[in-house]
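Asker: All letters in the sequence shown, in the order written, are residues 1 to 54 by our numbering. Every residue gets a Cβ at the ideal spot worked out from N, C-alpha and C, and that includes glycine.
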Amino acid sequence: MAKKAVASLQTGAKKMVKAIKMLKSEKTGSYTFKHKILNVEEVKDFFDNTSSSK
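The following block contains the structure:
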């Protein structure tokens, strides 16, 4: 008989969100988008950071 696979119980799972920030290029004036998957606690820091480095 085939054995049934049982998923292990995971405790302390974090809620993840996808954050999308729109950045404007200073040279051309065009917009680019920065995508990142973060924990809920890190979203505020992601949007507060105004640097356009990737």
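Using 8 Å as the threshold, is the C-beta distance between Ala-19 and Lys-36 below it?
Answerer: Working through the sequence shown from its first residue, we reach residue 19 at position 19. Working through the sequence shown from its first residue, we reach residue 36 at position 36. In this structure, Lys-36 lies closer than 8 Å to Ala-19 by Cβ.
Asker: Is the distance from the Cβ of Tyr-31 to the Cβ of Leu-23 below 8 Å?
Answerer: Numbered from 1 along the sequence shown, position 31 holds the residue referred to as residue 31. Numbered from 1 along the sequence shown, position 23 holds the residue referred to as residue 23. In contact: Tyr-31 and Leu-23 (Cβ atoms closer than 8 Å).
Asker: Excluding the five sequence neighbours on either side, which residues of its own chain have a C-beta within less than 6 Å of the C-beta of Lys-15, listed in chain order?
Answerer: Residue 15 sits at position 15 when you count from the first residue of the sequence shown. Contacts found: Val-40.
Asker: Taking only the alpha-carbon atoms, compute the straight-line gap between Phe-46 and Ser-8 and give it to the nearest angstrom.
Answerer: Looking up residue 46 in the sequence shown gives position 46. Looking up residue 8 in the sequence shown gives position 8. Rounded to the nearest angstrom, the two C-alpha atoms are 32 Å apart.
Asker: Check Val-40 in the structure and name its three-state DSSP category.
Answerer: By 1-based counting over the sequence shown, the position of residue 40 is 40. If DSSP states are grouped into helix, strand and coil, Val-40 belongs with the helices.
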